[in-house]
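Here is the structure we will look at, set down as structure tokens.
Protein chains: 2
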Amino acid sequence: MAKSSVTIKDIAKEAGVSTTLVSFVMSNQVAGEPVYRVGEDTARRVMEVAERLQYKPNNTARALRSGKTLTIGVVVSDIANPFFAEIARDLEDQAYKYGYNVIFGSSDENPEKFGRVVDVLLNKGVDGLILVPCAGSEDAIRKVVGSGVDTVLLDREVPGLQVSSVVLDNREAARVITRKLLDRGARRIDMVSYSMNISNTRDREQGYLDAIKEAGPEFETHIERITHNSYDSIPSYFRSARERGVDAFMMATNTLALLVMSEIYKNGYHIPDDFKVACFDRNPLYDIYAPGIIFVRQPVDSFAARAMELIMARIRSGPGRKVPIEQIVLSPEISG
Amino acid sequence: MAKSSVTIKDIAKEAGVSTTLVSFVMSNQVAGEPVYRVGEDTARRVMEVAERLQYKPNNTARALRSGKTLTIGVVVSDIANPFFAEIARDLEDQAYKYGYNVIFGSSDENPEKFGRVVDVLLNKGVDGLILVPCAGSEDAIRKVVGSGVDTVLLDREVPGLQVSSVVLDNREAARVITRKLLDRGARRIDMVSYSMNISNTRDREQGYLDAIKEAGPEFETHIERITHNSYDSIPSYFRSARERGVDAFMMATNTLALLVMSEIYKNGYHIPDDFKVACFDRNPLYDIYAPGIIFVRQPVDSFAARAMELIMARIRSGPGRKVPIEQIVLSPEISG
DNA sequence: CATATATGTTAAATCGTTTTAGCAAGCGTG
DNA sequence: CACGCTTGCTAAAACGATTTAACATATATG
């Protein structure tokens, strides 16, 4: 631990005031409006001394006494996924605006790890949690929420739980891009999805089915469910899809999209001439990789901003009368 | 912050002993060998009570008094890169073995952000730092190391700095895979690299040059340096490479490999028939994407294990006589 | 002028733990 | 039996901040 060496006491002595006063000045500086009344010139003097001595408040001591760490914990499902990496970045920026920091954890879509990570974060003393649930994490989330920790769910919901959340309108988004594939001439669209039981995946499948149903009874549907992180089945799946006369794919995530598209290229086909493709999430590789692709651009910055607003509102409303639960559903933007 | 509510005091009262004793029992439990002498049955009783009351030590208070957080800070250059994502995971596991936790930050290859992130970590009170330097981060690292914080560099070195590090033998690895391309019949090999000034990138370029030089004067070299995160130049580069009769590519990272390979496929060519490809780092997409690819598999688990060993050794040797600086160079494994 | 109110400041308690210094009992030794 | 050494335990002082309660002084109010 870095020895901060210069403490509030040193400043007090140097400026000829009490430590209390120094503390007042410091916390007034951090928060917006002055809560404590401090003489203007005294405040200036204290701040000058603090500056000169390069005072850095000791967050640990602060946390111990005040019970607030000004840190919120974030658990995403896979930090290596560009979608979540971007969310992580944006959350960090948002938190900064409120004078907060963020600590991350990754569940790797594993409910046990999810629980462990949440425990570690709580033990480190975060003021609130922003969680991306994974399949099987319901109990852990219920427990945390039940114990009164301020929590907001992100990207995925857990039905039947009294907790705020920010998600995309996945069903509508899926419907729109599927519809778009049809408009561009696709006759036989497969959806490639995950077998994980996660709200957003299920919603996307529904949207796909909605669109095909609307199109008419002559259109067939097929949802291929891939097991997370075991992608060897893709080549054989692609072969079967081709044999069934599939001419377009709708993918539930950017990872799936890349996998299927690389399979398409590997077999010597082109996008969008041979196969049309639609999917969720942007990926930096699209730019150069698949110019003709249709994708749902999730408003990641809004995800982060809304989630942070919700958690801040909850944190700032004392333990007494809490701010009400809010479930925010964001509208998708479609590209391509 | 989660109210842990039940404290050492409660246990002391319940068990009829002093808080000191409870503290002794608790910390003996955590560390390996008993440092304090405590009666065996008393210890058992205290632990029973602690268990029954579901005591969770308050890390904040611990940190404040002891000056140790049992947390080490890690700054990688891009958490969204699978290579670093895996390193992050492995570091977490390693730390766990020592009873430590890990907090992450990402510099996004930006030296200002690097400095900010390091400051935040130090301010949170980490006991040590594991850093992946980025171009321009030298000053920040020098400052941190100079101020006595235990530090280990990972994946990239900063020449002329007294600090432990764990890196791959990048030059040798690059030489070997370039050689392998030649052995498989490549006559004109381009290297695609980053323009960033980073030790490992420079070393890889040297290895490439070494191999071509060894091959004989009739072989030409070309190093194409791409600016990080601006990949629009790749199509035009690929065109020019094709015109120059290039028949193989050696890429400095997995990201570059994917970009160039997708360009190859997009133009209707195949790997390895039309172009042979070698690169650094594994990527999950390779499996399905480029079976014929040659790549350097970096021993990520060893990176993590060695780095954690080094930082632990430094942390545990008190501020008095520090363990000596160690620069560990790991051997690459070649696949394909 | 007396009383109330606002303003500027501080002493001391507190957060939950670790750590220092030391006490008391038991035991072997010469 | 007196001495030192070990064993088992504790009181009290940190750690560095925040927060409570209160004390002056100045200003306003009736």
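Chains A and B, in that order, are what the protein sequence lines are.
Oh and the first sequence: position 49 is 1373 in our numbering, straight run, nothing missing.
Oh and the second sequence: position 130 is 1454 in our numbering, straight run, nothing missing.
We put the beta carbon where it would ideally sit given N, CA and C, even for glycine.
- Apart from sequence neighbours up to five positions away, the residues of its chain that approach leucine 1455 of chain A with a beta-carbon distance below 7 Å are Val1399, Ile1465, Thr1475, Leu1477 and Leu1478, ordered along the chain.
- With a minimum length of 3 residues, the unbroken runs of beta strand (DSSP E) contained wholly in the region 1524-1590 of chain A fall at 1546-1550 and 1572-1575.
- In the three-state scheme derived from DSSP, where H, G and I count as helix and E and B as strand, arginine 1512 of chain A is classed as coil.
- Runs of the beta strand (DSSP E) spanning 3 or more residues and lying entirely within the region 1437-1476 of chain A occur at 1452-1455, in chain order.
- Along the region 1423-1435 of chain B, the positions whose C-beta sits under 7 Å from a C-beta of chain A are Asn1425, Ile1427 and Phe1428, read in chain order.
- Per the coordinates, the alpha-carbon of aspartate 1625 of chain A lies some 7 Å from the alpha-carbon of isoleucine 1411 of chain A.
- When C-alpha distances from glutamate 1548 of chain B are compared across B:Ala1535, B:Ala1539, B:Lys1537 and B:Arg1526, the shortest belongs to B:Arg1526.
- Between serine 1586 of chain A and chain B, the shortest Cβ-Cβ separation is below 8 Å.
- Contact annotation: in the region 1532-1565 of chain B, residues whose CB is within less than 9 Å of a CB in chain A are Asn1553, Tyr1555, Asp1556, Ile1558 and Pro1559.
- Any Cβ of chain B closer than 8 Å to the Cβ of lysine 1646 of chain A would place that residue at the interface, and such an atom is absent.
- Leucine 1453 of chain A sits close to valine 1442 of chain A, with the two beta carbons spaced by under 8 Å.
- Close partners of threonine 1384 of chain B in chain A (Cβ separation under 8 Å): Thr1384, Ala1387, Leu1388, Thr1393 and Gly1449.
- Straight-line measurement puts the Cα of valine 1570 of chain A at about 7 Å from the Cα of aspartate 1514 of chain A.
- The Cβ atoms of isoleucine 1396 of chain A and alanine 1419 of chain A sit closer than 8 Å to each other.
- Counting the other CB atoms within 10 Å of its CB gives aspartate 1402 of chain A a total of 16 or more, which places it among the buried residues.
- Looking at the DSSP output, glutamate 1657 of chain B bridges to B:Arg1621.
- Against chain B, the CB of lysine 1380 of chain A has a partner CB under 8 Å away; the residue lies at that interface.
- Chain B has a Cβ within less than 8 Å of the Cβ of tyrosine 1589 of chain A.
- Close CB contacts of valine 1450 of chain B within its chain, under the 7 Å cut and outside five residues either way in sequence, are with Thr1393, Thr1395, Ile1396, Gly1397 and Ile1427 (chain order).
- In its chain, beyond the 5 residues on either side, Gly1429 have a beta carbon closer than 8 Å to the beta carbon of valine 1444 of chain A.
- Where asparagine 1494 of chain B is concerned, the enclosing alpha helix (DSSP H) starts and stops at 1494-1507.
- Shown here is that no member of the region 1330-1341 of chain B has a Cβ falling below 8 Å from a Cβ of chain A.
- Take the alpha-carbon of alanine 1614 of chain B and the one of serine 1488 of chain A: they are about 43 Å apart.
- The three-state reading of DSSP puts glutamine 1418 of chain B in helix, counting H, G and I together.
- With respect to the 8 Å criterion, leucine 1634 of chain A and valine 1490 of chain A are classified as neighbours on the basis of their beta carbons.
- Each residue's CA atom was taken as its position, placing serine 1351 of chain B and leucine 1345 of chain B some 10 Å apart.
- In this structure glutamate 1587 of chain B is not in contact with serine 1523 of chain B, their Cβ atoms being roughly 28 Å apart against a cut-off of 8 Å.
- Counting other Cβ atoms within 10 Å of its Cβ, tyrosine 1555 of chain B reaches 16 or more and is therefore classed as buried.
- Nearest CB-CB separation between isoleucine 1522 of chain A and chain B: not below the 8 Å threshold.
- In its chain, beyond the 5 residues on either side, Val1516, Ile1558, Phe1562, Phe1573, Met1575 and Val1601 have a beta carbon closer than 8 Å to the beta carbon of valine 1584 of chain B.
- Against isoleucine 1617 of chain A, chain B offers no close residue; the least beta-carbon distance is about 12 Å (beta-carbon pairs closer than 9 Å).
- Considering only beta carbons, the part of the region 1396-1410 of chain B lying closer than 9 Å to chain A consists of Asp1402, Ile1403, Ala1404, Asn1405, Pro1406, Phe1408, Ala1409 and Glu1410, in chain order.
- When the beta-carbon positions are compared, isoleucine 1617 of chain B and lysine 1504 of chain B stay at least 8 Å from each other.
- Proximity of chain B to leucine 1609 of chain A at the Cβ level (cut-off 8 Å) is accounted for by Leu1582, Leu1583 and Ser1586, in chain order.
- Taking C-alpha positions only, arginine 1512 of chain A is separated from phenylalanine 1599 of chain A by approximately 10 Å.
- Sequence-distant partners of asparagine 1405 of chain A (beyond 5 residues in either direction) whose C-beta falls short of 7 Å from its own C-beta, in its chain, are Thr1579.
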